[in-house]
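Those protein sequence lines, which keep their order, are chains A, B and C. Just so we're on the same page, my numbering is the position in the first sequence counted from 1, plus 87. Just so we're on the same page, my numbering is the position in the second sequence counted from 1, plus 56. Just so we're on the same page, my numbering is the position in the third sequence counted from 1, plus 11.
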Amino acid sequence: MTSSPSTTLREAARAPARGSLRGHAARAAPWLIAACVVGYALVVGGYAATVVAFALIYAIFVSGLNIFMGLTAQVSFGQSAFAAIGGYASAVLTTEYEWGLLPAMGAGLAGALAFAFVVGYPTLRLKGHYLSMATLAIGLITYEIAVQWDSVTQGYLGISGIPPLGIAGYEATTDRQILIVLSVCVIATVLAVARIRRSRVGRAFAGLAGSEEAARALGINVARYKLLSFLLSAGFGSLAGSLFVHVVGYVSPEVFSLHMIILSFTMLYVGGIGTIAGPVVGALVVSVLPETFRAFRDYQDLAYGTALILLLIFAPRGLAGLFTAIEEKRSP
Amino acid sequence: MTACLKVEGATKTFGGLTAVNAVSFEVKPRSVTAIIGPNGAGKTTLFNLISGALPLSDGRVLFEGVDVTAEEPEAKAARGLIRTFQLVKLFPELSAVENVKVGFHLRSRGGLLSALLRPRWVRQMEAEIDGRARELLDLVGLGTAADRPASALSYGQGRLLEVARALAAGPKLLLLDEPAAGLNADESARLASLIRRIAEDGTAVLLIEHDMHLVMNTADDIVVVDFGKKIAQGAPDRIREDPAVIAAYLG
Amino acid sequence: MDSALIGQSLVSGLGIGCVYGLIGIGFCVIYNASGIVNFAQGAFVMLGGMITHVLLVRGQLPYIAAIVLSVLVVALLGVVIERLVVRPLWKRNAPMFVMILATLAAQIVIERLTFLAVDDQPKTLPVFTDLPPIMVGGVAVNIQSLWIVAGSLAIVGLLALFFKGTRTGKAMRACAINREAAALQGIPVHGMLALAFGLSAGLGAIAGIMLTPTQYTAFNVGVPFAISGFIAAIIGGFGRPFGAFLGGLTLGVVQSVAILAFGAGLKTVVALSVLLLFLFVRPSGILGAAK
């Protein structure tokens, strides 16, 4: 995977602690924690596996959100729309029309990308609170449509009996099988995001994140790369939506409500916006921690909201930021 | 010799105010041209008209003989017209060398697919970009700061980094907006010789500058503007003696 | 279509439009003082009705006392949110969307606290004056709608006097035009920010109290109201309080007509579509953006 030896050396030199053991440890820490949590769920199975499976699906969704918000520094409060399109396409096509899993997922993905393309063109010209509000409106309209279009979505009742994950006769039905499939999906997502970030495309994203004016002066077509970032984000959102309905076997509009937005933003900020590991760590921590206090079910959204406010004020770089901060302080 | 850049009657009005009034001049290939003038004379506005950041109210901009008046900044950049900013606009989250690598956008290729698959040619290209970005940092004297985050650089270093980043884009004409502002004497001297070298290597340079020492040492040709109008143009020696210029600066 | 029915829906549209307008004014007041968009605005509307209900039913207070106390409590809560959530971020120069996210989170927190403190059942309030509807040319106008319209107009008038006639009001306008310059003139900019939150919260509460007798309130009605108020502000040209009021009326009427045409189910979709239409086609609103 690496190129010439000199580049490898230089890449290592770019790491926080210049290739020291501690530097590697700091970078590996979030992944080790994530692996431990997933490993524990694999061994224990049952309810723990369900919770972690849910977290892994969100890890994919939040990784997508992170491309648009973290790598490209744009705002979208409406990514739930794309998860809804993916989820409902999978649900309706596999139950009502008895499509296979992959074609249904692909149709959902195509639908989400087409929708993102159509709304992205006018929306991404907006800035600041206009962009925030337009994207929030897109998310909420999608939710309302899911509620109202009951001939297809069955409204609040939802669609049940959605087939489990599976390819070519092999079906992931047990908790552990589901966990393994989802882990593979998360690893693929993380690798994809990491590769995008260190590519020419990723540098263009970083450029327009840093200064649109400077990016344009360097010949970067800001409008095109914004749209590309939005499409990528929508694509991962759609896949996460599809995975969700197949794992749970049921979908209703509530899955894609404002709750989803608040939850995913909490995850993004807990883990660390703009980092590769952040979405995964954030999704796991935010999903797993409340479960350890299951007696306080009613307090969940309260806890998410409060945690989010505290994080925004006191630790805007999240847990992943914490690891690098510790490392930067220690290394001279 | 055809002009690299030709500005014909460039005019910009904001409401009733005429910030730039029918300014015409040329930039010759391999030369350094400086735009000077008192504060508020319209120099930066003129720059924004040339780079495409602002639309012209009247007049034309020709680059290598092609009318580029109405082109967007990124289209002009793609032609080789690259600028820096008076208030440095770095990518603060990235390291110095990564900032320069962003500058290679126009001179590299690859989209989403190649980013995901990372085939051999992409890996080779990335290695080459990394090497050349570091060379550019060495050239502007930031070689040792290559891996520091851009936000940790001093103001003067930030300016030099912006120059390196602009050079990465392979300019045919480099527009520098007050490159010496905030630089110490050493950095300023280094910048002066760098500007000469850039011009000798074949890139025309157009700069706005208040540091007269730098201007007189580097410029082949000086355009003086005051109240949005060109009041003089010529070689440094002639400009020094021009009565209109002296009046503008003293009165 | 039945003209009486259309008249009816226009009247109710104007009533609800006034409420959207007041919420929209709240958005503008805070935006002008701080440059941020406060998504907790809907929580104030919900709390206005909810706290009045609690004071009235559980506290056995007289109606008017419950209303006044409720408005004061909500206004105070507005100041508290400014101190606890907004100011720390504002001082750190946090990005705009972080502020929006934080106020959205504050909205959720208030919602859940209300849910825990009260319950999830819809609550209503008695009408202000128990009189039969007035018939105007075959259109039945209920008295509470008249209260809403008259009350809203009175508030808009008072606000105009406040912004134009008082030192504090002028100081707030100065902050809206240029915060740095205002600070140099010795205007306490932080104080103005707190005042803006108090004022907007109070406005939201009044809107909620006037509306609740004709509809109902519950812990989760806040977000739709916040969105409607925001749409009103956008239609009016963001940052223009009186434009926002007109925007509210426009939205109220459009929505009522849309309910008549497409049914109540799609009213949110219609409102949001109006928003997107304005954002895409004329983001500066009908009057043009402030500044």
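Ideal Cβ placement from N, Cα and C applies to all residues, glycine included.
In terms of Cα proximity to L389 of chain A, the closest of C:A117, C:D13, C:G250 and C:I270 is C:A117. Contacts between P294 of chain C and chain A, judged by CB atoms closer than 8 Å, involve L213 and Y217 in chain order. Listed in chain order, the positions of the region 122-155 of chain C with a beta carbon within less than 7 Å of a beta carbon of chain A are R123, L124 and L127. Taking the beta carbon of G240 of chain C as reference, no residue of chain A falls within 8 Å; the closest one sits roughly 11 Å away. When DSSP reads this structure, V88 of chain B sits in a beta bridge with B:V261. Among the residues facing chain A, L87 of chain C is not included, as its CB has no counterpart in that chain under 8 Å away. Between R174 of chain B and chain A, the shortest Cβ-Cβ separation is below 8 Å. Assignment of A176 of chain A by DSSP, reduced to helix, strand and coil, places it in the helix class. By alpha-carbon distance to G96 of chain B, the top candidate from B:E297, B:I287 and B:F283 is B:F283.
When C-beta distances to chain C are compared with 7 Å, every residue of the region 112-132 of chain A stays at or above that value. Comparing C-alpha distances from E265 of chain B to each of B:P148, B:E130, B:T67 and B:E234 shows the shortest one belongs to B:E234. Residue pairing of A15 of chain C in beta bridges, as defined by DSSP: absent, with no partner found. For L142 of chain C, there is no enclosing alpha helix (DSSP H), as DSSP marks it with neither H nor E.
When rounded, the separation of the alpha-carbon atoms in P117 of chain A and V268 of chain A is 21 Å.
Between the alpha carbons of A229 of chain C and L88 of chain C lies a gap of roughly 18 Å. If you check the CB distance, H333 of chain A and I254 of chain A do not come in under 8 Å. For D131 of chain C, the secondary structure class from DSSP, reduced to helix, strand or coil, is coil.
By the Cβ test, the region 144-164 of chain B is in contact with the region 300-307 of chain A, since at least three Cβ pairs between them sit closer than 8 Å.
Of the candidates B:V63, B:Y211, B:A66 and B:I92, the residue whose Cα lies closest to the Cα of R296 of chain B is B:I92. At a cut-off of 8 Å between C-beta atoms, A237 of chain B does not count as an interface residue with respect to chain A. The C-alpha of V48 of chain C lies about 49 Å from the C-alpha of G121 of chain B. Put simply, the CB of F108 of chain C is near chain A, with a gap under 8 Å to one of its CB atoms.
When C-beta distances to chain B are compared with 7 Å, the residues of the region 268-285 of chain A below that value are A279, R282 and I283, in chain order. Within the region 251-271 of chain B, no residue has its Cβ closer than 7 Å to any Cβ of chain A.
Counted as a single uninterrupted DSSP element, the alpha helix (DSSP H) harbouring L152 of chain A occupies residues G133 to N153.
The beta carbon of N43 of chain C sits closer than 6 Å to those of A187 and G250, all from its chain and outside the five residues before and after it, given in chain order. Interface flag for A293 of chain A against chain B is set, since a Cβ pair is found closer than 8 Å. Short of 7 Å from the beta carbon of A201 of chain B, and not among the five residues preceding or following it, lie these beta carbons of its own chain, in chain order: A152, L209 and Q213. Among the residues of chain A, those whose CB is under 8 Å from the CB of A117 of chain C are G392 and I396, following chain order. A Cβ-Cβ separation of about 18 Å leaves S150 of chain A out of contact with T222 of chain A under the 8 Å criterion.
The three-state reading of DSSP puts K313 of chain A in helix, counting H, G and I together. If you draw a 10 Å sphere on the C-beta of C29 of chain C, you find 16 or more other C-beta atoms in it, and that means buried.
The C-alpha of V91 of chain C lies about 54 Å from the C-alpha of G136 of chain B. The C-beta distance from T276 of chain A to F323 of chain A rounds to 6 Å, short enough to fall under 8 Å. Rounded to whole angstroms, the separation of the alpha carbons of T159 of chain A and A236 of chain B is 31 Å. Distance between V160 of chain C and S270 of chain A, taken at the CA atoms: about 58 Å.
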